[in-house]
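Worksheet: the structure to be examined is printed underneath.
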Amino acid sequence: MEDKGSDWGKFLQVPSVQELVRNYPQSLPERYLQLPGDRPVVPDISPFAFDIPILDFALLAKGDEDETGKLDLACKEWGFFQIINHGVVEEVLLNMKAAIAAFFELPLEEKNKYAQAGNDFQGYGQSCVISEEQKLDWCDLVFLVTLPPEIRNLKYWPDTIPGFKDAVERYSKEAQKVAEEICANKSLLLGMDKDGLKRFYGKTKQAMRMNHYPPCSRPDLVLGLNPHSDPDIITLLLQDDEVPGLQIRHKHEWILVKPIRNAIVVNVGDVVEILSNGTYKSIEHRAITNESQARVSLATITIPYDELEIGPMECAVDDHRPRMYRNIKYVDYVRYTAGRKMEGKSHLDNILKIKSTSF
Numbered sequence: 001m002e003d004k005g006s007d008w009g010k011f012l013q014v015p016s017v018q019e020l021v022r023n024y025p026q027s028l029p030e031r032y033l034q035l036p037g038d039r040p041v042v043p044d045i046s047p048f049a050f051d052i053p054i055l056d057f058a059l060l061a062k063g064d065e066d067e068t069g070k071l072d073l074a075c076k077e078w079g080f081f082q083i084i085n086h087g088v089v090e091e092v093l094l095n096m097k098a099a100i101a102a103f104f105e106l107p108l109e110e111k112n113k114y115a116q117a118g119n120d121f122q123g124y125g126q127s128c129v130i131s132e133e134q135k136l137d138w139c140d141l142v143f144l145v146t147l148p149p150e151i152r153n154l155k156y157w158p159d160t161i162p163g164f165k166d167a168v169e170r171y172s173k174e175a176q177k178v179a180e181e182i183c184a185n186k187s188l189l190l191g192m193d194k195d196g197l198k199r200f201y202g203k204t205k206q207a208m209r210m211n212h213y214p215p216c217s218r219p220d221l222v223l224g225l226n227p228h229s230d231p232d233i234i235t236l237l238l239q240d241d242e243v244p245g246l247q248i249r250h251k252h253e254w255i256l257v258k259p260i261r262n263a264i265v266v267n268v269g270d271v272v273e274i275l276s277n278g279t280y281k282s283i284e285h286r287a288i289t290n291e292s293q294a295r296v297s298l299a300t301i302t303i304p305y306d307e308l309e310i311g312p313m314e315c316a317v318d319d320h321r322p323r324m325y326r327n328i329k330y331v332d333y334v335r336y337t338a339g340r341k342m343e344g345k346s347h348l349d350n351i352l353k354i355k356s357t358s359f
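Here it is as structure tokens:
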């Protein structure tokens, strides 16, 4: 992967939000100000939070019928859930969070050694910046491909932070186990054997998006992360235990997800929505900011290889549920979504959804 970049498009570099806040704490450049209809309103940034479905992973892995039913309901009606008793020990979680915090504590000059190139998602910067006019996220990030090891681009891995590589590798392995178990249970629920989904998409890649949301003097005018669904198979989110910020769109309302200590938030990706022919839903979500505290989170994603053709699986299509989506090569899907920046789930409707008039 060294210097190869990705085949997902071209992206622009933008200044660090963290440095902006450090040097000009009251400044709000125009590029970060959301349009009036997109801004979080007062209830959105209040302490109120909602409990999305909570699953006991240990019971799910044992095939407990009640827990399996909860998973099915969560994927159909919410697209999001939290898992407890997932088996990832607290030391691994804390070391991972500490590694992220250590990176964002580095001087800007040091962080810039790992800056994104124009042809690669990986590295330090922001994601999906495609024009000078688009509204920017109030967030800095580091994006790394973590599995399989042979495709890592180590020039983006900070080697000056003691324990960083070890923390990432340990959490990466544990997250992969969790993701595989959840996907195996989804396969059973969709009428296949446990390896049904895995057989369809074959080899996968894992990547991590490490997010740093600085405080903002006017959190009602910006978004930490614009609304979107995830163009992947599954996402595992390690939240900040103390600072909420994740919101999901449920029944046309934005709901703030309450952090649970050491829990992992899981969400359905677009790929699974497409493969399941809409049975399981990927859901719009976003991040908000606050005036006083920085927030850190980690999204670990599982994605297919670029050349995989994705479309509804045979087991998900019948006379009662006609085919909802066209087939598309995964790399073309990612290029399309990245090239349109974050616009909710409009990409699914625009490029893949088969209109009812075509039947």
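Numbering-wise (full-length UniProt numbering), the sequence shown opens with residue 1 and increments by one. Idealized CB from N, CA, C, for every residue including glycine.
Tell me which residue opens and which closes the beta strand (DSSP E) that residue 209 is part of. For this step, residue 209 is matched to residue 209 along the sequence shown. Taken as a continuous stretch (DSSP letters only), the beta strand (DSSP E) holding residue 209 covers 204 to 213.
What number of angstroms, rounded off, separates the C-alpha of residue 37 from the C-alpha of residue 222? In the sequence shown, residue 37 corresponds to position 37, counting from 1. In the sequence shown, residue 222 corresponds to position 222, counting from 1. Approximately 12 Å between the Cα atoms of the pair.
Among the candidates 12, 23 and 13, whose CA atom is the shortest distance from the CA of residue 215? By one-based count along the sequence shown, residue 215 stands at place 215. Checked all of 12, 23 and 13; the closest Cα to residue 215 is 23.
Taking residue 300 as the reference, give the member of 226, 232 and 257 with the closest Cα. Position 300 of the sequence shown, counted from the first residue, corresponds to residue 300. Of the listed residues, the one whose Cα sits closest to residue 300 is 232.
Compare the C-alpha of residue 333 against each of 68, 316, 311 and 151 and name the closest. Here residue 333 is taken as the residue at index 333 of the sequence shown, counted from 1. Minimum Cα distance to residue 333 is reached at 311.
Closest Cα partner of residue 100 within the set 116, 14 and 141: Position 100 of the sequence shown holds residue 100. Here the closest residue by C-alpha is 141.
Beta carbon of residue 114 nearer than 8 Å to that of residue 186: Position 114 of the sequence shown, counting from 1, holds the residue named residue 114. Position 186 of the sequence shown, counting from 1, holds the residue named residue 186. The answer is no: Cβ separation not under 8 Å.
Nearest-angstrom Cα distance between residue 123 and residue 40? The count along the sequence shown starts at 1 and reaches residue 123 at position 123. The count along the sequence shown starts at 1 and reaches residue 40 at position 40. In a straight line, the C-alpha of residue 123 is about 29 Å away from that of residue 40.
Separation of residue 290 from residue 218, as counted between CA atoms: Working through the sequence shown from its first residue, we reach residue 218 at position 218. Working through the sequence shown from its first residue, we reach residue 290 at position 290. Rounded to the nearest angstrom, the two C-alpha atoms are 8 Å apart.
Please determine, among 270, 244 and 167, the residue with the shortest C-alpha to C-alpha distance to residue 91. Working through the sequence shown from its first residue, we reach residue 91 at position 91. The shortest C-alpha separation from residue 91 is found at 167.
Close-in-space but distant-in-sequence residues of the same chain around residue 354 (CB under 7 Å, 5 per side omitted): Locating residue 354 in the sequence shown gives position 354, where the first residue counts as 1. So the qualifying residues of the chain are 323, 324, 325 and 326.
contact_flag[the stretch 234 to 250, the stretch 273 to 288] where n(CB pairs < 8 Å) is 3 or more: yes
Bridge partners - residue 329, DSSP secondary structure assignment: The residue given as residue 329 occupies position 329 in the sequence shown. 309.
Residue 108 beta carbon less than 8 Å from that of residue 14: As a position in the sequence shown, residue 14 is number 14, starting the count at 1. As a position in the sequence shown, residue 108 is number 108, starting the count at 1. Taking 8 Å as the Cβ cut-off, residue 14 and residue 108 do not qualify as a contacting pair.
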